[in-house]
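K.L.:
Take a look at this one; I'll ask things after.
Numbering (the numbering used here), first residue to last: 5 to 79.
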């Protein structure tokens, strides 16, 4: 982890934090498995071991639909 804060900024759920070891920490109990932090991490140090690609893709698609609906004035 380069502590670049990319994952902190990218996560739509605000899960990544910088811990006392000065590395990014993602609480697995809170992680929604969207995979955005994995995709954005320039150091490629984040993995989502308990999530499969299909779960991550579905989560990203769902988040995109929610974001689009919110931008259009829906909920």
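Quick reminder that beta carbons are idealized off the backbone N, C-alpha and C, glycines included.
Computed from a predicted structure; not experimentally measured.
Considering only their Cβ atoms, is the gap separating residue 22 from residue 34 smaller than 8 Å?
P.N.:
Cβ atoms of residue 34 and residue 22: not closer than 8 Å.
K.L.:
Looking at C-alpha atoms only, which residue of 24, 75, 67, 76 is the closest neighbour of residue 15?
P.N.:
Ranking 24, 75, 67, 76 by Cα distance to residue 15 puts 67 first.
K.L.:
Count the other CB atoms within 10 Å of the CB of residue 28; is the residue buried (16 or more) or exposed (fewer)?
P.N.:
Residue 28 is buried by the Cβ-count criterion.
K.L.:
Pull up the DSSP beta-bridge partners for residue 22, would you.
P.N.:
Its beta-bridge partners are 28.
K.L.:
Near residue 12, what residues of its chain come up, given a Cβ to Cβ distance below 6 Å and the 5 sequence neighbours on each side ignored?
P.N.:
Within the same chain, residue 12 has close Cβ partners 20.
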